[in-house]
Amino acid sequence: MLSRDNSQSCATCHNAAKAFTDNKQFSKGVSGNFGKRNTMPLFNLAWNFDELFAWDGKEFGLETQALEPVTNPIEMHANWVNIAEKLNQNETYRNLFLQAFGSEKIDSTLVTKAIAQFERTLISAILNLINT
Numbered sequence: 220m221l222s223r224d225n226s227q228s229c230a231t232c233h234n235a236a237k238a239f240t241d242n243k244q245f246s247k248g249v250s251g252n253f254g255k256r257n258t259m260p261l262f263n264l265a266w267n268f269d270e271l272f273a274w275d276g277k278e279f280g281l282e283t284q285a286l287e288p289v290t291n292p293i294e295m296h297a298n299w300v301n302i303a304e305k306l307n308q309n310e311t312y313r314n315l316f317l318q319a320f321g322s323e324k325i326d327s328t329l330v331t332k333a334i335a336q337f338e339r340t341l342i343s344a345i346l347n348l349i350n351t
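Mapped onto the working numbering, the consecutive letters of the sequence shown carry residue numbers 220 to 351.
This is how it looks when you write it as structure tokens:
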């Protein structure tokens, strides 16, 4: 639901079986365009103490890092207003956000908090157990 046409999720490129990456030289976005880099693996991010993310360190904090792929024209090519509308129309997501954040009103701030919290739980030792 985070992509422009609902055809691609975060897990499309951040595959759990591949250490939350896609093992490709260049990752393909929602419109079939390829980016200039491959998908970053997502594990042990809680120990990135300088809080700089993305291959070039351009994003400060996991919450900020989670904003950009949704709007990037090569990646998910959506906008946060439309994404929030889609999520707010989904009763399951409204209930989950109510349980997690005490609010049924879903916006980009709460979505990126949820994504960042999930990313902080991805620990390489646990991933090794899952993949064996």
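Just so it is clear, CB atoms sit at the ideal spot from N, CA and C, and this is done for glycine as well.
Closest Cα partner of residue i within the set the options
i, options, result
"F245", "Q336, R313 and I293", "I293"
"N225", "K255, H233, S343 and I302", "I302"
"Q308", "Q336, P260 and D326", "D326"
"I334", "Q284, S343 and A273", "Q284"
"A235", "M220, G254, M259 and L221", "M259"
"F253", "A238, R313, E338 and C232", "C232"
"A230", "L261, K255 and N267", "L261"
"S256", "N263, F268, N267 and D241", "The amino acid at residue 256 is misidentified as Ser; the sequence shows Arg. Out of N263, F268, N267 and D241, D241 has the C-alpha closest to the C-alpha of R256."
"S343", "Q227, A238 and R223", "A238"
Under the three-state DSSP convention, the category residue i falls into
i, result
"T240", "strand"
"N234", "strand"
"K305", "helix"
"K324", "coil"
"I293", "coil"
"P260", "coil"
"F268", "coil"
"R313", "helix"
"Q227", "coil"
CB-CB length for residue i against residue j, believed under 8 Å
i, j, result
"E282", "K332", "6 Å"
"L306", "V289", "At roughly 11 Å, the Cβ-Cβ gap does not stay under 8 Å, so L306 and V289 are not in contact."
"A265", "R339", "4 Å"
"M295", "L341", "So it is not a contact: roughly 20 Å between Cβ atoms."
Bridge partner(s) assigned by DSSP for residue i
i, result
"K247", "F253"
Any non-hydrogen atom of the ligand ADP within 7 Å of residue i CB
i, result
"S246", "Ligands are entirely absent from the displayed structure, and the ligand ADP is therefore not among its contents."
Can you confirm whether the segment 239–256 touches the segment 313–322 when touching is taken to mean that 3 or more C-beta pairs between the two stretches lie within less than 8 Å? no
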